[in-house]
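**Student:**
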Amino acid sequence: MMRGERPLVRAVDGIDLAIDRGESVGLVGESGSGKTTVGRLLLRLTSATGGQLTYRGEHIDRMKAARLRTFRREVQLVFQNPFDALNPRFPIRRIVAEPLVNMGVPRDEHAERVAESLKLVGLAEPQRYLDSLPHQLSGGQLQRIVMARALVIRPEFLVADEPVSMLDVSVRAGILNLLRDLKARLSLTSFTISHDLTLVRYICSRTIVMYLGRIVEQGPTEEIIQRPAHPYTKALIAAVPTPDVDQPRDALPISGSIGNALHPPTGCRLCDRCPHVFARCREEEPRLVEVTAGRYSACHLHAA
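Numbering (my numbering), first residue to last: 1456 to 1759.
#1: Measure the C-alpha to C-alpha separation of G1577 and V1493 and round it to an integer number of angstroms.
#2: If I measure Cβ to Cβ from R1635 and keep anything under 6 Å in the same chain, skipping five residues before and after, which residues do I get?
#3: Go through its chain and collect everything with a Cβ distance to A1758's Cβ below 8 Å, but skip five positions before and after it.
#4: Within its chain, find whatever has a CB closer than 8 Å to the CB of M1558; leave out the 5 residues flanking it on each side and keep chain order.
#5: With DSSP as the reference, label I1658 as helix, strand or coil.
#6: If E1672 sits next to Y1751, beta carbons under 8 Å apart, how far is it from one beta carbon to the other, in whole angstroms?
#7: Quick one: which unbroken alpha helix (DSSP H) runs of 4-plus residues sit fully inside the stretch 1718 to 1755? Chain order, please.
#8: When we look at the beta-carbon of E1617 and count the other beta-carbons within 10 Å, is it buried (16 or more) or exposed?
#9: For V1483, which three-state DSSP category applies?
#10: Run through DSSP, which three-state label would G1577 get?
#11: Measuring only the C-alpha atoms, how far is L1606 from G1484?
#12: Cβ of R1656 within 8 Å of Cβ of A1753?
#13: Return helix, strand or coil for D1563, following the three-state DSSP convention.
#14: Quick one: residues in its chain with C-beta nearer than 8 Å to the C-beta of E1478, no 5 flanking neighbours on either side, listed in chain order?
#15: Considering only residues of the same chain and omitting the five flanking positions on each side of I1470, which have a CB-CB separation below 6 Å?
#16: Beta-carbon within less than 7 Å of E1739's beta-carbon, same chain only, minus the 5 sequence neighbours each way: which residues are those?
Below is the structure:
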C-alpha cells in the first residue's frame, strides 16, 4: 500500500504582528483559531515552517544553543493547566527552583530566590509551601506556583496561555489582579492568550483577534470592546455572558462552529458563517487594513 502525503494544516497562516517592549497584548479567538500555536512559536516550543520570528532583532529559529539558553531566561510561559504543569512527585521548593538549576544559577542562591518568587506571587509565608506536594494545594495556589516558577529567573517577557481557564470562578479574579500587578511592578512585557474577551479587557492594552489561523482585527482593547469592526469580533463580544439572566440578548451575529483548518473556505475564512457575506467574500481573502487610527480589520465591508 502506498502512503500518501500528510495533509497540510496551516494553524497560523501569514500573520504579521509586533509586540513592543513593556506592552500588554492579548490574543483572542475560539478553540482552533491558532492562538496557542502563536504562543508556542514565540517560545520556540514549535518551529515555524515559513516566515520570520524575531526577538530584539534576532531570528528565534536561528538561535544557537547558548543564545537559546539566555532567550529561555528572558521569555517565560505561564501554562494553562497548573494541575498538569507541575510534577506531582516534586515538592514546591524543587519545582520553583527548577529553572534556576537549568540556567546554572549557583545553588546557594536558590533558597532565597525561591522564597522571593513565592512572596512575589502572593504566597506571603513561603515556608508553608516549600515541602508541600502539588496535590496538597488548591488550584489557585498551584497557578501561583506556576507563576512563581516562571518569574524566579526574572524574565522580561511573559506569555500566559489561558491563565485562569482551568480555575474556579471564585479564584480567577485574584490571579488576574496578580498578573496585572506583576506586569506593572516588574515592567514586564506580556502576551496573554485567551478565548475570553473580558479577561484581556482587564489586563491587556492592545488586543489581536484570530480566526482560523488569520488575524481579523487588532487595536486598542477598549476600542475593540466598545466598537468592534469585524463581524467575528462582534460575535465574540455578543457571546460574553451577562450577570443579569433576565436581560434580553440579541441573536449572535454569526452561527455554526469554527471552520476546518485542513480545508479552509476560499476567500474570507468566515464567509460560511457571516451574515454579511457577498460575492467578493467567497472569491478574495480580505487584507488587514486600517479602519480608524490604530485599528485594523480584515473585512471586505470596510472596502465595499
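The beta carbon of each residue, even a glycine, is placed where N, CA and C say it ideally should be.
**Tutor:** Quick answer:
#1: Position 122 of the sequence shown, counting from 1, holds the residue named residue 1577. Position 38 of the sequence shown, counting from 1, holds the residue named residue 1493. If you take the alpha carbons of G1577 and V1493, they lie about 29 Å apart.
#2: The residue you call residue 1635 lines up with position 180 of the sequence shown. Contacts found: I1658.
#3: Residue numbering aside, residue 1758 sits at position 303 when the sequence shown is read from its first letter. Closer than 8 Å at Cβ, skipping near neighbours: P1741, V1744.
#4: Within the sequence shown, numbered from 1, the residue matching residue 1558 stands at position 103. The beta carbon of M1558 is closer than 8 Å to those of R1524, R1527, R1528, I1608 in its chain, skipping five residues each way along the sequence.
#5: Looking up residue 1658 in the sequence shown gives position 203. Note: I1658 maps to helix in three-state DSSP.
#6: Within the sequence shown, numbered from 1, the residue matching residue 1672 stands at position 217. Within the sequence shown, numbered from 1, the residue matching residue 1751 stands at position 296. So it is a contact: roughly 7 Å between Cβ atoms.
#7: Qualifying alpha helix (DSSP H) stretches, in chain order: 1734 to 1738.
#8: Taking the sequence shown and counting its residues from 1, the one referred to as residue 1617 is at position 162. So E1617 ends up on the buried side.
#9: Here the question's residue 1483 lines up with position 28 in the sequence shown. Residue state, collapsed to three classes: strand.
#10: Reading the sequence shown from its first residue, position 122 is the one you call residue 1577. In this structure, G1577 counts as coil in the three-state DSSP scheme.
#11: As a first step, residue 1606 must be located in the sequence shown, where it is residue number 151. As a first step, residue 1484 must be located in the sequence shown, where it is residue number 29. Rounded to whole angstroms, L1606 to G1484 spans 27 Å at the Cα level.
#12: As a position in the sequence shown, residue 1656 is number 201, starting the count at 1. As a position in the sequence shown, residue 1753 is number 298, starting the count at 1. No.
#13: The residue given as residue 1563 occupies position 108 in the sequence shown. In the structure shown, D1563 sits in a helix (DSSP, three-state: H, G or I).
#14: Counting from 1 along the sequence shown, the entry for residue 1478 is found at position 23. Here the set comprises T1644, S1645, S1660, R1661.
#15: As a position in the sequence shown, residue 1470 is number 15, starting the count at 1. Excluding positions up to five away in sequence, the list reads I1670.
#16: As a working note, residue 1739 is residue 284 in the sequence shown. G1722.
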